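Numbering (this note's numbering), first residue to last: 4 to 162.
In structure tokens:
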């Protein structure tokens, strides 16, 4: 039973991640056609931060060093290409997100790297701990990217 449950969790995790990734890609591409504001930039990390409630469950807890390392990898390795490929343009009173042509390609490559790492890491730790590590990695990617976007947005609005 335990082996079956673990296999099912892995399959659900894989398809859930792929499904969410496709949804995020579609939303991101559509969003660039509408003006942005500070709330649209800052709400994703605020909303995602509620995921830290997962650590209430003992099986999801990981050592602090694992969490710090996951956050650092997300912030340094994964956030950097997103920061470099996202910018803003001002048209009249409105600010629009302007992505480089490589943005979609970068997102797909980062997803592929994440999926490969996920498969490798879960061979050494439990499915629940793997989920924790990759949640923190994703948060480590999202937070610096959105902070950098907000700084760019404020500079553009003040100019």
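Built from N, CA and C at the ideal position, the CB exists for glycine as well.
Small disclaimer: the values here were computed from a predicted structure and weren't measured.
With a Cβ-Cβ cutoff of 9 Å, do residue 145 and residue 48 count as a contact?
-> yes
Check each candidate in 17, 149, 141 and 157 and name the one with the smallest Cα separation from residue 92.
-> If we check each option's Cα against that of residue 92, 157 comes out closest.
Does the stretch 72-86 come close enough to the stretch 17-31 that 3 or more CB-CB pairs lie under 8 Å?
-> no
Confirm, please, whether the CB-CB distance from residue 70 to residue 135 is below 9 Å.
-> yes
Nearest CA to the CA of residue 62: which residue from 78, 42, 132 and 104?
-> 132
What three-state label does DSSP hand residue 43 in the structure shown?
-> DSSP places residue 43 within a helical segment (H, G or I) once states are collapsed to three.
Would you kindly work out how many angstroms separate the C-alpha atoms of residue 147 and residue 39, rounded to a whole number?
-> 18 Å
Note down the Cα distance separating residue 79 from residue 51, rounded to an integer number of angstroms.
-> If you draw a straight line from the Cα of residue 79 to the Cα of residue 51, it comes to about 19 Å.
Nearest to residue 109 (by Cα), restricted to the options 81, 127, 18 and 125 | Considering only alpha carbons, the answer is 81.
Whole angstroms is fine: what's the gap from residue 101's alpha carbon to residue 14's?
-> 35 Å
So, is residue 115 buried or exposed, given that buried needs 16 or more other C-beta atoms within 10 angstroms?
-> exposed
Residue closest to residue 76, alpha-carbon to alpha-carbon, out of 56, 113 and 65 = Considering only alpha carbons, the answer is 113.
Quick one: grab the DSSP three-state call for residue 95.
-> Residue 95 carries a coil assignment under DSSP once its states are collapsed to helix, strand and coil.
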